[in-house]
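So the protein lines, in turn, are chains A and B.
Using my numbering, the letters of the first sequence correspond one by one to residues 222 to 594.
Using my numbering, the letters of the second sequence correspond one by one to residues 222 to 594.
Using N, Cα and C, we set each Cβ at its ideal position, and we do this for glycine too.
Quick caveat: nothing in here was measured; it's all calculated off a predicted structure.
Accompanying notes for the structure given below.
Number of protein chains: 2
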Amino acid sequence: MDEFVVTPWEVRGRVDYQKLLHHFGAKPLTPAELSLVEKYAGEVHPLLKRGFFYAHRDFDLLLKWHGESRPWALYTGRGPSGPVHIGHMVPWILLKWLSDKFGVEVYFQMTDDEKFFDDPEMELAKATGWAYENALDVIALGFTPDKLHIIIDTKDVEPLYPIAVKVAKKITWNTAKATFGFSDSTNIGLIFYPSLQIAVAFLPTELRGETTPVLIPCAIDQDPYFRLARDVADVLGYPKPATLYSKFIMSLTGESKMSASNPDSAIYTTDSEKVVKRKIYNAFTGGRPTAEEQRKYGGDPEICPIFHYHMLFDPDDGAVERVKSDCKSGTLLCGECKAALFEKVREFLTRHREMREKVAGRVDEYRLGAKLQ
Amino acid sequence: MDEFVVTPWEVRGRVDYQKLLHHFGAKPLTPAELSLVEKYAGEVHPLLKRGFFYAHRDFDLLLKWHGESRPWALYTGRGPSGPVHIGHMVPWILLKWLSDKFGVEVYFQMTDDEKFFDDPEMELAKATGWAYENALDVIALGFTPDKLHIIIDTKDVEPLYPIAVKVAKKITWNTAKATFGFSDSTNIGLIFYPSLQIAVAFLPTELRGETTPVLIPCAIDQDPYFRLARDVADVLGYPKPATLYSKFIMSLTGESKMSASNPDSAIYTTDSEKVVKRKIYNAFTGGRPTAEEQRKYGGDPEICPIFHYHMLFDPDDGAVERVKSDCKSGTLLCGECKAALFEKVREFLTRHREMREKVAGRVDEYRLGAKLQ
């Protein structure tokens, strides 16, 4: 087994997701939860069915709570430090689906403060600008302002701060240091920031004035944040947030996670068709060095980012299975497989850009702070 | 000379104010500054003239700036953890005088968050409640809403947070620890809090969109906060805050500073006349054990809280000088001196309570957050 490291601030090596689950102490997603999802949603989203979301904390309890017609909300976020890539959008697609199928509201935190604290080169106005830009990518999924509440930290802190204050009192420097890997030279903004990330988990309860747990769909590396959030919830008498954990989106270069420092490792929603085509055609694959060898021995879809993207973006189970078996058998060559993926991604991006343009300039209609004024 | 300790979180022993000045590296207030005050204000307030405010940073530059008709603002604050005593009100009286005479606006921060972070027993709702209560004592000095902007941290954080974020990025854990005496078990709220205290110093510049330095009248123990604020101002390109430092208000028990844990050490604005009378009559004095000895040897006004209060509350220089010389000569006995002080305090408190009642329920008219909405 390769060595690997997963923390909220670093992902390195080839990730063993089962080992990681065991290490964090979260639960695997089982047929029991999926059948409850099917019961309430009428179907199971491919990202759940195909095991991209594969672990959780208290998702079973949340589904039970939903079955009792009790209120809950969805919560996720993004650190706005640049353009959104389609890897970011995958969990948001599930978010939108959950919101639609279960009829619940979404709290979406844009942590421009965190990105500013974390990057010595980042200007605050730039991070806030990216927050507005990225918010368009979320809204473009088809959200209406009654279902999506965007929180840009430096703009919408008012309803959040009194909760963050209660959270902050329960977290010592020692705990923060151990949980988030802070050092003596960490700035006091970054040290305080987890209070704001945790506070959103309790915001629906405060705003509604009744117990309203949240479900947080996010990548598994965020678990330390929300494990701490669950401890704090207990102490403060808020409902513990439930979580739904995904694996990472593979890098086009074949690494376990895309790297923000290598733009060729990901497809951005702002990439031109030409760039998208180039990135896909230059991507690492699980194929053999020559077409001849591929026909003879077949490829390995498990390590292939191209197959990974088919799995993420094609709702047709049969089609995905065909890609897989044709790759393994050697019938499908990487070139054709890439061409097919390009078509799917092109279609997705075209639709997304149309939607994005339609909602341009409308972020404030979705901002929680603006709604509460 | 007695040993003494002065930090923002502890005052112990008999304070040597000249030594302290030298230790902190602030400047003594000199006739040069006072004559500029007289030039612009038409008079010099007793609290300046009598040396209760005795030190500063850049007050001379601020007066020069004022002489050039350039804008500035006043800034001070209070940690709302209980009722206000008349010791708290003394610097606010100067604040009001400066605002009137120089025609400048006042930013008054109520740090309910800090008080909540700092005291394990304090509830947030209680601290915020005290913020509203204490705000009435400030407003009762006769401020109008165009001249006084109250900032209750958990209510009015919105305009402050984007500035605090910039401040926080420039302060590491190491610096915060050394400046404020934090430990490994300090909570992350208290660690972040100095950013919000410093941010107010830059708020007038942000709100007006032009360089608007602040003058901060406060007790000398606050110097470490604002020394850091001045360093950060330099780095961020904001004007350095100027400060005007007072000595501490003597405890009625004779200590250098009143103690929040001993209610008999101070007179609260909420104390009944009976209680005020008892506190004054039971106070420590610089007098002799018997009337006979007092008549023979005279008393020591320098160590006497009763004389200290005459000095703080009587605008008549001649009257204060008479108390001093009559005490020293032994003509004035402590009983008469206390009776005379009680009359002055009673009068002040009666007028203050009338004003306080008039403005009851009107705090929101003064709250910055409410005005900006």
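Spatial distance of residue i from residue j (CA atoms)
i	j	result
Asp-339/B	Leu-411/B	7 Å
Asp-321/B	Gly-590/A	36 Å
Thr-433/A	Ser-290/A	11 Å
Arg-509/A	Cys-548/A	10 Å
Gln-594/A	Asp-377/B	13 Å
Lys-495/A	Ile-501/A	10 Å
Met-222/B	Arg-233/B	Since pLDDT at Met-222/B reaches only 43, below the 50 mark, its modelled position is unreliable, and no value is offered.
Glu-379/A	Ala-504/A	45 Å
Leu-242/A	Leu-357/B	55 Å
Trp-313/B	Leu-295/B	11 Å
Leu-533/A	Pro-425/A	30 Å
Glu-231/A	Trp-293/B	46 Å
Leu-282/A	Pro-383/A	28 Å
Lys-390/B	Lys-347/A	15 Å
Gln-239/B	Cys-439/B	17 Å
Asn-355/A	Glu-342/A	20 Å
Tyr-489/A	Asn-483/A	12 Å
Thr-251/A	Lys-285/A	15 Å
Pro-249/B	Phe-563/B	32 Å
Run of the alpha helix (DSSP H) containing residue i, from where it starts to where it stops
i	result
Glu-526/B	The sequence shown places Pro at residue 526/B, rather than the Glu named in the question. Counting along the chain, the alpha helix (DSSP H) containing Pro-526/B begins and ends at 526-534.
Glu-476/A	That residue, Glu-476/A, is in no alpha helix (DSSP H); it is neither H nor E in DSSP.
Tyr-454/B	The question names Tyr, yet the displayed sequence has Ala at residue 454/B. Run containing Ala-454/B: 444-457, per the alpha helix (DSSP H) assignment.
Tyr-328/A	Tyr-328/A -> not in any alpha helix (DSSP H); beta strand (DSSP E) instead, spanning 327-331.
Gly-556/B	555-579
Val-311/A	307-323
Arg-271/B	Counting along the chain, Arg-271/B falls outside any alpha helix (DSSP H), and DSSP gives it neither H nor E.
Gly-590/A	589-593
Thr-490/B	Here Thr-490/B belongs to no alpha helix (DSSP H), and DSSP marks it neither H nor E.
Thr-552/B	Run containing Thr-552/B: none; DSSP gives neither H nor E here.
Ala-399/A	394-401
Ala-385/B	382-390
Ser-193/A	Residue 193/A lies beyond the residue range present for chain A, which begins at 222 and ends at 594; the question has no answer from this structure.
Lys-260/A	252-262
Asn-355/A	345-360
Exposure of residue i, with buried meaning 16 or more beta-carbon neighbours within 10 Å
i	result
Ala-512/A	exposed
Thr-228/B	exposed
Arg-278/A	buried
Glu-326/A	buried
Ala-463/B	buried
Thr-297/B	buried
Ala-385/B	buried
Val-435/A	buried
Ser-480/A	exposed
Ser-493/B	exposed
Close beta carbons around residue i, own chain, < 7 Å, minus the five adjacent residues each side
i	result
His-266/A	Leu-315 and Trp-318
His-309/B	Arg-299
Ala-352/A	Pro-301, Met-331, Asp-333 and Ile-373
Tyr-414/A	Asp-334, Glu-335 and Phe-338
Sequence-distant residues of its chain with Cβ nearer than 8 Å to residue i (five each side left out)
i	result
Glu-344/A	Phe-337
Leu-255/A	Val-265, Leu-269 and Lys-270
Lys-559/B	Ile-501, Tyr-502, Ala-504, Thr-506 and Ile-527
Thr-571/B	none
Neighbourhood of residue i by C-beta distance below 6 Å, restricted to the same chain and skipping five residues each side
i	result
Val-388/A	Ser-416, Ile-419, Ala-420 and Val-453
Thr-349/B	Asp-333 and Thr-375
Glu-542/A	none
Phe-245/B	Asp-444
Phe-280/B	Glu-254, Ala-463 and Leu-465
Phe-423/B	Ile-384 and Tyr-459
Arg-429/A	none
Pro-536/A	Pro-267
First and last residue of the uninterrupted beta strand (DSSP E) at residue i
i	result
Gly-234/A	231-234
Ser-467/A	463-467
Ala-440/A	435-440
Ile-372/B	369-373
Ala-276/A	274-278
Arg-226/A	A small fix is needed here, since residue 226/A is Val in this sequence, not Arg. Start and end: 225-228.
Leu-242/B	Careful: Leu-242/B lies outside any beta strand (DSSP E), inside the alpha helix (DSSP H) at 238-245.
Ala-294/A	294-299
Query raised in the report: Would you call the region 360-371 of chain A and the region 392-410 of chain A touching, i.e. three or more CB-CB distances under 8 Å?
Result: By the C-beta criterion, the region 360-371 of chain A is judged not to be in contact with the region 392-410 of chain A, since fewer than 3 inter-stretch pairs fall below 8 Å.
Requested in this report: Specify whether the region 519-532 of chain A and the region 465-485 of chain A touch according to this definition: at least 3 beta carbon pairs, one from each stretch, less than 8 Å apart.
Outcome: Touching, yes, given that three or more Cβ pairs across the two stretches are closer than 8 Å.
Query raised in the report: Any chance the region 454-470 of chain B sits against the region 273-291 of chain B, with 3 or more Cβ pairs inside 8 Å?
Result: Cβ pair count under 8 Å is three or more, so yes.
Query raised in the report: Looking at C-beta atoms only, is the number of pairs between the region 580-587 of chain B and the region 550-561 of chain B that lie closer than 8 Å three or more?
Result: The region 550-561 of chain B and the region 580-587 of chain B do not touch, with fewer than three beta-carbon pairs separated by less than 8 Å.
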